[in-house]
Amino acid sequence: MKRFILGATLLLAAAGIATTQLATASDHDDGETDSKARALNLTDHFAFKSPSSPDQLSLIMYLNPRSLPGRQYFLSTNARYEFHVSRAGSKTAAPTGANDITFRFEAGAPDASGVQPITMTMLKNGEEVGRHTGSSTSFIGSKSDQITTNMASIGGGNMRYFVGQRQDSFHFDVVRFFQVRAFLAQRLFGGANGKGDATASLADNCRGDKFLANLQTGGVAANEKGGVSDGDVINLFNPPSCAPDFTKNLNVTAIVLNVPIASLQANGETVFDTWSTISVPE
């Protein structure tokens with residue numbers, strides 16, 4: 003059966019921190035359409051060595067963006083949620099896209115308590131190695147930190163996975179983002195013959211500073227939250243001390259997998275390209 007990939011995000015993971023690269027058709031929130039419901043909206047992908055178990059790789063994907071507090075959200079029963087792993091020769095090697103290992107998550111219909119049965123399948127080079135049936139954590143369970151951690155032993159490796167709602171860790175000042183985007187478009191490409199419009203204006207930032215006026219370096223001297231520098235000393239974006247967070251108090255559904263690095267290796271590799279996809283039948 004052919005499947006249509008609705009979203010994908012790519013990450014190059016090495017010894018810890020990784021460099022993020024966009025793959026195809028996904029950002030933090032694509033919105034909802036007739037063909038792409040909230041449960042098919044892949045927002046983020048993370049890959050890093052597990053802080054408590056450095057011999058394991060943690061893979062995380064977020065979906066169901068803008069989940070309202072107090073409400074239960076589910077995985078689609080018609081979709082495949084997949085982590086993909088490609089062994090890399092080095093940190094600077096060009097990604098090959100080789101689908102060496104896949105971890106596939108599929109969900110069944112929820113029960114009366116909001117728990118979905120979850121089937122996790124591991125594939126190597128497209129061939130199934132094994133599978134495990136577990137369950138998601140309900141909204142009530144997530145809220146009370148009664149987390150269901152599924153333990154699976156597949157292909158000689160002991161893995162743990164979690165599926166459930168968590169607070170969105172993404173910080174996004176969405177209003178200012180669109181203000182700045184419109185301002186730069188007009189300033190650089192507006193005006194006569196598209197050569198830029200010097201009269202383009204930008205609303206004051208949340209501290210009341212105008213663009214290129216009353217400049218501060220940020221940090222402790224500017225009484226910034228946490229003593230963090232603006233990273234922007236021309237008042238283009240809002241400083242951390244007052245920038246509103248669009249995702250504050252909103253949730254996402256997280257799929258989290260901890261897998262032994264040894265289970266990913268063929269010849270002792272320590273660098274992996276990883277990405278997530280959500281697909282449905284055509």
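Start counting the sequence shown at 3; every next residue gets the next number (the working numbering). All residues carry an ideal CB built from backbone N, CA and C; glycine is no exception.
query	result
Out of Leu259, Asn207, Thr276 and Ala268, which one is the CA nearest neighbour of threonine 123?	Leu259
Return yes when the Cβ of threonine 139 is within less than 9 Å of the Cβ of glutamine 167, no when it is not.	yes
Measuring only from the beta carbon, is leucine 65 closer than 8 Å to any heavy atom that is part of the ligand GTP?	In the structure on display, the ligand GTP does not appear, and there are no ligands present to speak of.
Just the Cα atoms here: how many angstroms apart are tryptophan 179 and arginine 133?	What sits at residue 179 in the sequence shown is phenylalanine, not tryptophan. Straight-line Cα distance between these residues: approximately 43 Å.
For the alpha helix (DSSP H) that leucine 252 lies in, which residues bound it at each end?	That residue, leucine 252, is in no alpha helix (DSSP H); it is neither H nor E in DSSP.
In the structure shown, what three-state DSSP assignment does arginine 178 receive?	helix
Going along the chain, which unbroken runs of the beta strand (DSSP E) with 3 or more residues stay wholly within the stretch 48-99?	58-69 and 82-90
Glycine 270 by DSSP, collapsed to three states: which one?	coil
Can you grab the Cα-Cα spacing for the pair proline 242 / aspartate 170, in whole Å?	18 Å
Which residues in the same chain as lysine 75 place their Cβ atom closer than 8 Å to its Cβ, once the five residues preceding and following it in sequence are excluded?	In the sequence as presented, lysine is not what sits at residue 75; that position holds tyrosine. The answer, listed in chain order, is Arg40, Ala41, Asn66, Ser69, Phe141, Gln167, Asn253 and Thr255.
When the Cβ atoms of the stretch 96-112 are set against those of the stretch 187-201, are three or more pairs found closer than 8 Å?	no
Would you identify the three-state DSSP class for serine 265, choosing helix, strand or coil?	helix
For serine 144, report the span of its alpha helix (DSSP H) as first-last.	141-145
Straight-line CA distance for proline 246 to threonine 94?	36 Å
Is the Cβ-Cβ distance between glycine 287 and threonine 201 less than 9 Å?	One cannot answer for residue 287 here, as it falls past the ends of the chain, which runs 3 to 284.
Could you say which of Lys250, Thr151 and Asp199 lies nearest to valine 176 if we only look at CA atoms?	Lys250
Residues in the same chain with beta-carbon distance under 6 Å from methionine 161, minus the five sequence neighbours each way, listed in chain order, please.	Ala154 and Val261
In this structure, how does DSSP classify asparagine 321 when only helix, strand and coil are distinguished?	No information on residue 321 is available, as it lies outside the stretch 3 to 284 that the chain covers here.
Considering only their Cβ atoms, is the gap separating asparagine 101 from valine 282 smaller than 9 Å?	no
When DSSP labels each residue in this structure, what does alanine 154 get in the three-state scheme?	strand
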